[in-house]
Amino acid sequence: MLSKKTKYGLKALIYIAKHSGTEPVLISEISDNERIPKKFLEAILLDLKKHGILGSKKGKGGGYYLLKDPKEITAATLIRVLDGPLAMLPCVSLNYYEKCDDCPDEVKCNLNKFMAQVRDNTLSLLQQKSLYDLAIL
2 MLSKKTKYGL KALIYIAKHS GTEPVLISEI SDNERIPKKF LEAILLDLKK HGILGSKKGK
62 GGGYYLLKDP KEITAATLIR VLDGPLAMLP CVSLNYYEKC DDCPDEVKCN LNKFMAQVRD
122 NTLSLLQQKS LYDLAIL
């Protein structure tokens, strides 16, 4: 299940992708239109800025804007930035691998094999969908 942080982050990014032309989008505008608590949204957008997804401009005409073309930003990247690993078990994670303490042999573990398939199928779908795709659905 997606965390609220990820859900709100994706909603905010979709809003920015749809509404940012030449002008940055105000936090208050996103918060009001997407019904996201403003303080929580501020923290999410700062995190996305820190990871190079968003840029910001202060002062009159300020707000947040995308640093890359929405077609280049995958759903997989966004979810990893906002929520961390995509894999349901640490022993099958590609970027956050950890051996399970209770598993004597990953090679023989049927749960590991199944969760690797789940990861691969999920990852495939999330890598195929861009922010642009999410914004035009």
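Per my numbering, residue 2 is the first one in the sequence shown, and the count goes up by one each step.
All residues carry an ideal CB built from backbone N, CA and C; glycine is no exception.
Just so we're clear, the structure is a prediction, and the values are computed from it rather than from any experiment.
### Query
Rounded C-beta distance between Cys-101 and Pro-91? I'm assuming under 8 Å.
With 8 Å as the limit, Cys-101 and Pro-91 qualify as a contact, their Cβ atoms being about 7 Å apart.
### Query
Exposed or buried, what is Ser-32 when buried is set at 16 or more other beta-carbons lying within 10 Å of its beta-carbon?
Looking at its Cβ environment, which holds 16 or more other Cβ atoms inside 10 Å, Ser-32 is buried.
### Message
DSSP three-state label for Gly-56, please.
### Response
strand
### Message
Check this for me: beta carbons of Tyr-1 and Leu-55, under 8 Å apart or not?
### Response
This structure leaves residue 1 out entirely; the chain is present only between 2 and 138.
### Query
Using the beta-carbon count (16 or more within 10 Å), is Val-93 buried or exposed?
buried
### Query
Which residue from Ala-18, His-20, Gly-10 puts its Cα closest to that of Leu-42?
Here the closest residue by C-alpha is Gly-10.
### Task
Output yes or no for whether 8 Å exceeds the beta carbon distance between Ala-136 and Lys-19.
yes
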